[in-house]
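Okay, so the sequence shown: first residue is 2 according to this note's numbering, each after it adds one.
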Amino acid sequence: MTDLLDPLLLSRWQFGLTTIYHFLFVPLTIGLATTVALFQTAWVRTGKARYLQITRFIGKLFLINFAMGVVTGIVQEFQFGMNWSDYSRFVGDIFGAPLAMEGLLAFFLEATFIGVWIFGWDKLPKRVHLASIWLTAAATVLSAYFILAANAFMQNPVGYQLDEARGRAELTDIGAVLTNPVSLASFPHTIFGAFMVTAALLIAAACWHLARNRGEDTMRPILKVGLWMMVIAGVGTVLSGDQLGLVMVDTQPMKMAAAEALYNTASGANASFSLFTWGTPDGSSELFSIRIPYLLSFLSTHTLDGTVEGLNDLQAQYVQLYGPGDYMPTVWITYWAFRWMIGLGVVSILIAIAGLWLTRRGRAPRRTWIWRIGVWAFPLPLAAMSVGWIFTEMGRQPWIVFGLLKTQDAVSPGINGWDVVASLVAFTLVYGALAVVEFRLIVKAIRKGPGPDPSDDDASQDSPSLTTTVY
2 MTDLLDPLLL SRWQFGLTTI YHFLFVPLTI GLATTVALFQ TAWVRTGKAR
52 YLQITRFIGK LFLINFAMGV VTGIVQEFQF GMNWSDYSRF VGDIFGAPLA
102 MEGLLAFFLE ATFIGVWIFG WDKLPKRVHL ASIWLTAAAT VLSAYFILAA
152 NAFMQNPVGY QLDEARGRAE LTDIGAVLTN PVSLASFPHT IFGAFMVTAA
202 LLIAAACWHL ARNRGEDTMR PILKVGLWMM VIAGVGTVLS GDQLGLVMVD
252 TQPMKMAAAE ALYNTASGAN ASFSLFTWGT PDGSSELFSI RIPYLLSFLS
302 THTLDGTVEG LNDLQAQYVQ LYGPGDYMPT VWITYWAFRW MIGLGVVSIL
352 IAIAGLWLTR RGRAPRRTWI WRIGVWAFPL PLAAMSVGWI FTEMGRQPWI
402 VFGLLKTQDA VSPGINGWDV VASLVAFTLV YGALAVVEFR LIVKAIRKGP
452 GPDPSDDDAS QDSPSLTTTV Y
């Protein structure tokens, strides 16, 4: 019972669950904002009614998701003070800087221009109104960068100096923090992944309507954009993931070794990519594996004879560098999270490629189960991004700030297990209720589909009848 009430364990569970829950809304916010801007641009340039309908339809989904993301994101900041006060004290000077930029600059712009977009439909010139949604989309991307820059410091601390007397890290170079190699590599990977999630939602919504022979004029363009977005963003995710892997090898070789369950340093044919590995219960050695020779060496160094350090050798190095202790992450979580991330992402891309082939030149699949695949495949890229974050954060353990502060030393000293249990139960109940609300609102909006079909002549004008009834 004592272990179950361990404040460290419970605080980690709480932060992990609330973070993953909040992150469910983040990629959709990023991708839907840009998608709305693209379709509204098409409407402004062509005056075609269907693009206005699509803009209004996707705009509803965007606003629902944005509102829920804001609500769930507020909780994250409270936890830094409640459960992780020693972490906040140690790196608050550095970690807080990009977070402050995100709140005061990016989120301020995002909230301002989304308000202009919502209430400016029949009050602003079309091009000015269009600029507001593009600025909103740009602000969502900028917001993501600041958050990733803060997280990158935890993965690869830069731009700081240690104040031994005060026992804290202090910011010395904000430029180094914002241009951290980890953030520069993780940013495009995250953004491409966000567009994959958005593409999956567009595909699911279009497939649901097209399976029922509804909204052909509007759902066909949505489906086409969703399929192409999935393929293009998928390729971008793969390429940016390759670059992120190289950075990870340089900054956190233990994470790469855990991702491949590589216990002993290897090179060339021996540095093989593991398709499946079974190790001892204590994670100290490998019992059985299925591997592809040379592939790990190529992925880690872009050469066929490159050397990849193993878990056991890195553990010995870290003991000499940081003192006695176990510096290995939980290998099985890191290993399988990495594979689920890749597998779910690849399946999503393959489904989109199949969809492009089946719907080429205006074709429509006659079998209902094909449309159902498009609907039920929506969670795949979202799950891929979630397990990707699990891999990113679990692979860093036992460090909360790599090489500087261990997770066990970051938890609030005065907190007890029952305090965390109470807040964990409360968050679970509230988040569960919000999940039901979010799901029902999104499903209702998708099933309702676009609004009434206005004529092209009406759609080409700033008509209150088309805009004031939407939001």
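Beta carbons are placed, not taken as given, at the ideal position from N, Cα and C, and that holds for glycine.
Would you give the residue range spanned by the beta strand (DSSP E) that residue i belongs to?
| i | result |
| --- | --- |
| Y161 | Y161 to D164 |
| A107 | That residue, A107, is in no beta strand (DSSP E); it is neither H nor E in DSSP. |
| W400 | W400 to V402 |
For a test of the three-state rule: what should DSSP assign to residue i, helix, strand or coil?
| i | result |
| --- | --- |
| K407 | strand |
| F274 | strand |
| R292 | strand |
| W122 | coil |
| W419 | helix |
| R364 | coil |
| W372 | helix |
| T173 | coil |
| V412 | coil |
| T30 | helix |
| T266 | coil |
| T304 | coil |
| S461 | The predicted position of S461 is uncertain, since its pLDDT is 47 and thus under 50; a value taken from the coordinates is nonetheless stated next. In the structure shown, S461 sits in coil (DSSP, three-state: anything other than H, G, I, E or B). |
Candidates the options: which alpha carbon is nearest residue i's?
| i | options | result |
| --- | --- | --- |
| R167 | W400, G404, P126 and R90 | R90 |
| L136 | F67, R213, A38 and N66 | A38 |
| N84 | D410, L435, L430 and A434 | D410 |
| P330 | F154, G93, N181 and A260 | A260 |
| L25 | E439, G93, A153 and G116 | E439 |
| K256 | L10, P399, A423 and P451 | P399 |
| A107 | K124, S133, G235 and L143 | L143 |
| A258 | N214, Y146 and R397 | R397 |
| R441 | I65, T30 and M395 | I65 |
| S301 | F274, A317 and Y319 | F274 |
| F67 | W44, R46 and I31 | I31 |
| S133 | I148, E111, F147 and Y146 | E111 |
| T35 | F96, A138, E103 and R46 | A138 |
| V71 | G450, T219 and Y432 | Y432 |
| L29 | T141, D164, I416 and D306 | T141 |
Here's the rule I'm using: 16 or more other beta-carbon atoms within 10 Å means buried, otherwise exposed. How should residue i be labelled?
| i | result |
| --- | --- |
| R361 | exposed |
| L240 | exposed |
| I491 | Because residue 491 is not part of the residues shown, which for the chain are 2 to 472, the question remains open. |
| Y323 | exposed |
| V129 | exposed |
| Q253 | buried |
| W209 | buried |
| Q41 | buried |
| W122 | buried |
| L131 | buried |
| L430 | exposed |
| R448 | exposed |
| W419 | exposed |
| V236 | exposed |
| I293 | exposed |
| E394 | buried |
| P465 | Its pLDDT being 39, under 50, P465 is placed unreliably in this model, and the value from its coordinates should be taken loosely. Label assigned to P465: exposed. |
| G326 | exposed |
| V27 | buried |
| L383 | buried |
| H23 | buried |
| L263 | buried |
| V437 | exposed |
| L149 | buried |
Taking the alpha helix (DSSP H) that residue i falls in, what are its first and last residues?
| i | result |
| --- | --- |
| I334 | V332 to L359 |
| R215 | No alpha helix (DSSP H) contains R215, which DSSP labels as neither H nor E. |
| A476 | Outside the modelled stretch of the chain, which goes from 2 to 472, sits residue 476, for which no answer is possible. |
| W209 | P182 to L211 |
| P380 | P380 to M395 |
| D7 | Where D7 is concerned, there is no enclosing alpha helix (DSSP H), given that its DSSP letter is neither H nor E. |
| Y1 | Nothing about residue 1 can be read from this structure; the chain reaches only from 2 to 472. |
| W85 | Here W85 belongs to no alpha helix (DSSP H), and DSSP marks it neither H nor E. |
| Y146 | K127 to Q156 |
Practice task
Determine, using beta-carbon pairs with one atom in the region 190–200 and one in the region 156–172, whether at least three such pairs fall under 8 Å.
Solution key: Under the 8 Å Cβ criterion, the region 190–200 does not count as touching the region 156–172, having fewer than three qualifying pairs.
So, does the region 340–357 touch the region 195–211, judging by three or more C-beta pairs under 8 Å? Contact between the region 340–357 and the region 195–211 is established, with three or more Cβ pairs separated by less than 8 Å.
Worksheet entry | the region 299–313 contacting the region 334–351, beta-carbon criterion three pairs below 8 Å | A contact is defined here as three or more CB-CB pairs under 8 Å, and the region 299–313 fails this definition with respect to the region 334–351.
Query raised in the report: Would you call the region 260–268 and the region 287–307 touching, i.e. three or more CB-CB distances under 8 Å?
Result: Because the criterion of three Cβ pairs below 8 Å is met, the region 260–268 and the region 287–307 touch.
ask   = Given 8 Å as the limit, is there contact between the region 221–228 and the region 199–208, that is, 3 or more CB pairs closer than that?
value = Contact annotation: the region 221–228 touches the region 199–208, with at least three C-beta pairs closer than 8 Å.
Three CB pairs or more closer than 8 Å across the region 139–159 and the region 171–181: Contact between the region 139–159 and the region 171–181 is present, with at least three C-beta pairs closer than 8 Å.
Sufficient close CB pairs (3 or more, under 8 Å) joining the region 208–226 to the region 371–387: Judged by Cβ distances under 8 Å, the region 208–226 makes contact with the region 371–387, as three or more pairs qualify.
Q: Take every Cβ of the region 389–401, pair it with every Cβ of the region 337–345, and state whether three or more of those distances are shorter than 8 Å.
A: Enough Cβ pairs lie closer than 8 Å, so yes.
Taking contact to mean 3 or more Cβ pairs, one atom from each stretch, closer than 8 Å, check whether the region 56–64 and the region 7–19 are in contact.
At 8 Å Cβ cutoff, the stretches do not touch.
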